[in-house]
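A.B. asks:
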Amino acid sequence: MSTQTGPHEHLLPQVAKHSRSDWGKPITDYNRAAFDRAQGWLSQKEGGLILDSGCGTGDSSRALAEMLPAHQIIGIDRSAHRLSRQRQHTPENCLLVRADLLDFWRLAEQAGWQPERHFLLYPNPEPKPKHLTRRFHAHPIFPVLLALGGAFECRSNWLIYLEEMALALQYHHKTALIQSVDGNVPPCSPFEHKYRISGQPLWRLQAML
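Residue 697, in the numbering used here, is where the sequence shown stops; the numbers in between run on with no holes.
#1: If residue 528 sits next to residue 604, beta carbons under 8 Å apart, how far is it from one beta carbon to the other, in whole angstroms?
#2: Could you check if residue 518 is buried or exposed, using at least 16 other CB atoms within 10 Å of its CB as the buried criterion?
#3: Taking DSSP as the reference, what is the three-state secondary structure of residue 558?
#4: Return the residue from the list 506, 589, 629 and 547 that minimises the CA-CA distance to residue 679.
#5: Within 8 Å, do at least three Cβ pairs link the segment 560-572 to the segment 632-639?
#6: Taking residue 590 as part of the alpha helix (DSSP H), name the residues at either end of that continuous run.
#7: Taking all protein chains shown into account, decide if residue 561 is buried (16 or more other Cβ within 10 angstroms of its Cβ) or exposed.
#8: Please go through the same chain and pick out, in chain order, the residues whose beta-carbon is closer than 7 Å to the beta-carbon of residue 573, but skip the five residues on each side of it.
#9: Only counting runs of 4 or more residues, tell me where the alpha helix (DSSP H) segments fall wholly within the segment 596-640, in order along the chain.
#10: With a 10 Å radius around its C-beta and 16 neighbouring C-beta atoms as the bar for buried, classify residue 563 as buried or exposed.
#11: Are the Cβ atoms of residue 664 and residue 503 separated by less than 8 Å?
#12: Quick one: what does DSSP say residue 585 is sitting in, helix, strand or coil?
#13: Determine the contact status of residue 582 and residue 531, defining contact as a CB-CB distance below 8 Å.
#14: Let me confirm a value: residue 673 is counted as buried when at least 16 other C-beta atoms fall within 10 Å, else exposed. Which label applies?
#15: Mark residue 591 as exposed unless 16 or more other C-beta atoms lie within 10 angstroms of its C-beta, in which case mark it buried.
#16: Assuming residue 540 is part of the beta strand (DSSP E), what are its boundary residues?
#17: Bridge partners for residue 693 per DSSP, in chain order?
#18: Name the two residues that bound the continuous alpha helix (DSSP H) containing residue 524.
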């Protein structure tokens, strides 16, 4: 997957750099509209909020909604094609939104959202060493992700990605636990299903933000 054999040597300098500065990239109108829609939906609901960031087809969001009917689940993905692949009914306590996470997270922070739980399931690990700064934990968005708070879980088929994230969290005085994903539990998403049947080891990072 990558020529890296361990966490990137430039990871912590990037984390430190982004911890000292605000990211000022303009937020696009379509992401503002998507967030406004989510904000309006959420304002009419009761119960704790759970974010499923990078939800893909939304299967993981729907599963969370079925398991946690007293909570409100918002799944966000930037791909209209993936979100259009509706294979089952979406529960009333689940909303799927097309938006870029970088903008959506910033708008959520500005609006004071504090999700009880936040899932980031199998994000693109950007495995090429030269693409380190595209990884969420080495990107200017990372302090925003931390500010949203909640019980955080990230899963990946690349252990180094999660080891890097744990180091970035440690820099911010957060403790992370990395464990293997239980193969006896039904897969949480199509990606997890695909990786599991191909025999790849899968990992989960959990932390309180």
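Glycine included, each C-beta is placed from N, C-alpha and C at the ideal position.
C.D. replies: The relevant details are as follows:
#1: Between residue 604 and residue 528 the Cβ distance is about 20 Å, and since that is not below 8 Å, they are no contact.
#2: exposed
#3: coil
#4: 547
#5: no
#6: 589-598
#7: buried
#8: 545
#9: 630-636
#10: buried
#11: no
#12: strand
#13: no
#14: exposed
#15: buried
#16: 537-541
#17: 642 and 666
#18: 517-531
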